[in-house]
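All letters in the sequence shown, in the order written, are residues 15 to 564 by the numbering used here.
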Amino acid sequence: MTHLHNPSWSETVEPQGAISPFKRFAALPEAQGLYNPEQEKDACGLAIIATLRGEPGYDIVEAALTALRNLEHRGAVGADEGTGDGAGLLMQVPDEFFRAVTEFELPAPGQYVVGTAFLPAETREAETAKAGIEALAVDEGLTVLGWREVPVVGDLVGAMARACMPYFAQPFLASATGEVLDRNELDSRAWRIRKRAQNKFGVYFPSLSSRTIVYKGMLTTAQLEPFYPDLSDKRFKTKLAIVHSRFSTNTFPSWPLAQPFRTIAHNGEINTVKGNRNWMRARQSQLANPLLGDSPEELYPICTPGASDSASFDEVAELLWLSGRPITHSIMMMIPEAWENHATMDPARRAFYEYHSLLMEPWDGPAAVSFTDGNLVGATLDRNGLRPGRYWITEDGLIVFASEVGVIEVEPAKVVKKGRVSPGKMFLVDTEAGRIIDDAEVKAEVAAANPWAEWVKDNLIDLNELPEREHVLHTAASVNIRQRTFGYTTEELKILLGPMARTGPNRSAPWAPTLRLPCCPSARACCSTTSCSLSPRSPTRPWTRSAKSS
């Protein structure tokens with residue numbers, strides 16, 4: 015069946031007056047004919063490189079860039095060979111590097127926020143956006159210590175990428191009073207600044223955090239390092255890195271839609287994304303958390319219009335994490351295991367999934383998702399395991415996870431363990447503690463965090479267990495009054511409702527007249543709700559359960 019796109023049924027509503035960076039920094043055409051930008055999805059390659067040694071190093075960046083180049087076949091280019099579908103790298107904030115290249119003094123590590131901003135290419139608009147960001151920082155009790163222009167080699171990319179290329183600048187933010195802020199509080203304030211700046215000025219931040227930074231763009235895998243010379247600096251050190259090569263299957267390339275995003279990188283498709291976005295929008299009025307501040311309406315929508323399925327997933331995962339949940343908890347909420355018919359699952363874990371199934375629908379589809387909070391880094395597969403994920407651990411503590419074998423060369427003699435992530439399972443590395451945490455331990459810890467089973471038992475009402483309601487037999491006069499009130503006719507009772515009551519199947523009938531007949535001024539103007547809904551020509555969009563489960 016062919017469905018014509020109806021703008022009134024769009025799953026995203028753009029804030030009044032907002033400029034979407036997904037339109038500003040992209041080569042997307044307007045909706046036309048059978049093309050609908052809301053249906054865009056992508057399929058990609060990803061890799062995680064991490065170390066258990068406890069010390070950051072440039073070797074992790076080098077290995078990650080090598081892995082990215084070896085994922086070239088998982089990305090794509092169009093007719094313009096210099097314009098890639100997207101490539102990027104996420105890593106820990108390289109504190110040593112930034113102290114060396116900035117002209118202003120930085121606070122202690124973890125006490126300042128940095129990110130790369132995609133600003134309008136036009137100078138006046140960029141300066142206006144900068145001033146706006148500085149004002150928003152003041153509102154949050156922060157100050158912009160300074161701006162750093164990110165060096166890029168713009169001539170490296172193709173004409174299509176250059177045509178929508180942003181101006182790249184890095185703001186550094188810290189407490190305006192010199193107060194030592196908890197890192198979670200600092201990142202929460204940065205999140206509010208970022209969301210408000212995006213809605214007001216159309217600025218896109220690949221990242222704005224005290225923990226991680228993202229370098230990405232409308233590039234090929236081979237272009238990323240030469241395009242951003244920062245990535246070749248030996249002071250660019252980290253204990254973890256996530257890289258991603260984008261293949262925009264049925265979509266157009268875009269600077270903001272390149273991955274990794276702020277907390278995740280994704281290979282696959284979220285087939286339920288339309289329903290997920292709709293339910294997130296429906297819940298906005300019920301959201302309550304200090305993260306949202308005093309004016310939450312300035313932060314909405316949570317799922318930005320024009321974002322891809324992966325970008326929307328990242329926005330919700332980040333919201334759940336910054337609102338106080340561990341990153342592992344957030345990912346388990348969004349990509350649950352197949353728990354309902356799992357007879358041998360630990361009862362505490364089952365209770366966790368049952369409780370959270372009442373709060374959020376699964377983001378379902380073939381997916382391998384890598385994620386990080388800046389210390390923990392890991393990956394999970396969808397419950398059906400429809401995207402691959404393999405890992406290697408070497409004797410010197412190097413961790414490699416990727417969507418395929420061979421992203422970097424590892425001597426077989428040095429490999430102490432290798433394997434694949436199973437459907438619904440999680441692979442996790444704690445770079446601070448220098449250890450690998452297996453799936454059972456991760457989920458046992460999350461399941462034991464709260465009395466989920468008790469909360470389900472005390473608060474869940476099963477409609478099938480409610481006592482049957484006493485049947486009330488209305489008098490004929492009472493029924494007649496109700497029928498007249500709602501405009502039922504003898505024809506409807508005999509032709510539609512009577513047979514339905516006797517046999518069960520729905521009946522259909524032609525439309526009744528939509529105008530009053532001159533001889534019957536008291537007759538209602540149109541057919542009843544019942545006959546309209548039964549008519550095969552009904553103009554109303556019928557509600558189905560799939561609207562919630564999709």
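We put the beta carbon where it would ideally sit given N, CA and C, even for glycine.
Tell me which residues share the same chain as residue i and place their Cβ nearer than 8 Å to its Cβ, disregarding the 5 neighbours each side in the sequence.
i: Ile-475; result: none
i: Ile-147; result: Ala-131, Val-158, Pro-185, Ile-207, Ala-211, Phe-215 and Val-217
i: Pro-21; result: Note that Pro-21 has pLDDT 37, beneath the 50 cutoff, so the model's placement of it is unreliable and no number is given.
With a threshold of 16 other CB atoms inside 10 Å of the CB of residue i, please say whether the residue is buried or exposed.
i: Ala-539; result: Because Ala-539 sits at a pLDDT of 44, beneath the cut-off of 50, its placement in the model cannot be relied upon, and the following sentence gives the value as read from the coordinates. Exposed, because fewer than 16 other Cβ atoms sit within 10 Å of the Cβ of Ala-539.
i: Asp-201; result: buried
i: Arg-496; result: exposed
i: Phe-118; result: exposed
i: Gln-300; result: exposed
i: Arg-291; result: buried
i: Ser-436; result: exposed
i: Asn-213; result: buried
i: Glu-468; result: exposed
i: Ser-322; result: buried
i: Leu-442; result: buried
Could you check which residue in the options has the C-alpha nearest to that of residue i?
i: Glu-69; options: Lys-428, Asn-398, Pro-274 and Asn-389; result: Asn-389
i: Ile-207; options: Lys-144, Leu-195 and Pro-240; result: Lys-144
i: Gly-96; options: Ala-236, Asn-84, Glu-110 and Ala-427; result: Ala-236
i: Tyr-369; options: Ser-492, Ala-461 and Ile-227; result: Ala-461
i: Asn-355; options: Pro-426, Met-347, Phe-112 and Ala-365; result: Ala-365
i: Asn-473; options: Leu-373, Ala-427, Asp-94 and Asp-453; result: Leu-373
i: Leu-305; options: Arg-203, Lys-248 and Glu-239; result: Arg-203
i: Ala-463; options: His-343, Gly-320, Ser-221 and Ile-256; result: His-343
i: Ala-416; options: Glu-76, Arg-401 and Cys-178; result: Arg-401
i: Gly-338; options: Val-414, Asn-303, Arg-138 and Val-75; result: Asn-303
i: Gly-307; options: Val-91, Glu-154 and Ser-221; result: Glu-154
i: Ala-135; options: Gly-124, Ala-114 and Phe-182; result: Phe-182
Tell me whether the beta-carbon of residue i lies closer than 8 Å to the beta-carbon of residue j.
i: Ala-78; j: Leu-103; result: yes
i: Leu-133; j: Pro-180; result: yes
i: Phe-275; j: Asp-328; result: yes
i: Ser-384; j: Leu-60; result: yes
i: Ala-175; j: Lys-230; result: no
i: Met-294; j: Ile-278; result: no
i: Leu-66; j: Val-421; result: no
i: Arg-225; j: Asp-73; result: no
i: Gly-392; j: Arg-434; result: no
i: Gly-160; j: Thr-191; result: no
i: Glu-163; j: Arg-249; result: no
i: Asp-94; j: Ala-173; result: yes
i: Met-348; j: Lys-457; result: no
i: Val-330; j: Ser-223; result: no
i: Lys-251; j: Pro-361; result: no
i: Pro-240; j: Leu-334; result: no
i: Ile-451; j: Lys-431; result: no
i: Pro-376; j: Pro-340; result: no
i: Leu-254; j: Met-105; result: yes
I need the boundaries of the beta strand (DSSP E) containing residue i, first residue and last residue.
i: Ile-422; result: No beta strand (DSSP E) holds Ile-422; DSSP gives it neither H nor E.
i: Lys-230; result: 226–231
i: Gly-89; result: From DSSP, Gly-89 is part of no beta strand (DSSP E); its letter is neither H nor E.
i: Val-75; result: First-last for Val-75: 72–83, but that is the alpha helix (DSSP H), not the beta strand (DSSP E).
i: Val-105; result: First, the amino acid is wrong: residue 105 is Met here, not Val. Here the beta strand (DSSP E) through Met-105 covers 101–106.
i: Val-158; result: 156–163
i: Met-440; result: 440–444
i: Leu-334; result: It is not in any beta strand (DSSP E) - Leu-334 instead sits in the alpha helix (DSSP H) that spans 323–336.
i: Phe-182; result: 181–189
i: Lys-432; result: 429–434
Which residues in the same chain as residue i place their Cβ atom closer than 7 Å to its Cβ, once the five residues preceding and following it in sequence are excluded?
i: Ala-352; result: Arg-397 and Gly-438
i: Gly-379; result: Gly-282, Glu-283, Ile-284, Asn-285, Thr-286 and Asp-396
i: Val-470; result: Ala-365, Glu-368 and Tyr-369
i: Ser-542; result: Because Ser-542 carries a pLDDT of 42, less than 50, the predicted location of this residue cannot be relied on, and no value is offered for it.
Any Cβ of chain C within less than 8 Å of the Cβ of residue i?
i: Leu-170; result: Note that chain C does not occur in the displayed structure, where there is just one protein chain.
Check for me: the alpha helix (DSSP H) holding residue i runs from which residue to which?
i: His-370; result: 361–371
i: Lys-457; result: 453–461
i: Ile-345; result: 341–348
i: Asn-292; result: 287–297
i: Ser-492; result: 490–499
i: Pro-513; result: 512–517
i: Gly-320; result: No alpha helix (DSSP H) holds Gly-320; DSSP gives it neither H nor E.
i: Phe-112; result: 109–115
i: Trp-469; result: 466–473
i: Val-171; result: Note, Val-171: premise wrong, no alpha helix (DSSP H); not H, not E.
i: Leu-238; result: 238–241
Less than 6 Å between C-beta atoms, sequence neighbours within five positions excluded: which residues of the same chain meet that for residue i?
i: Leu-195; result: Ser-189
i: Gly-448; result: Leu-66 and Gly-68
i: Tyr-314; result: Gln-298
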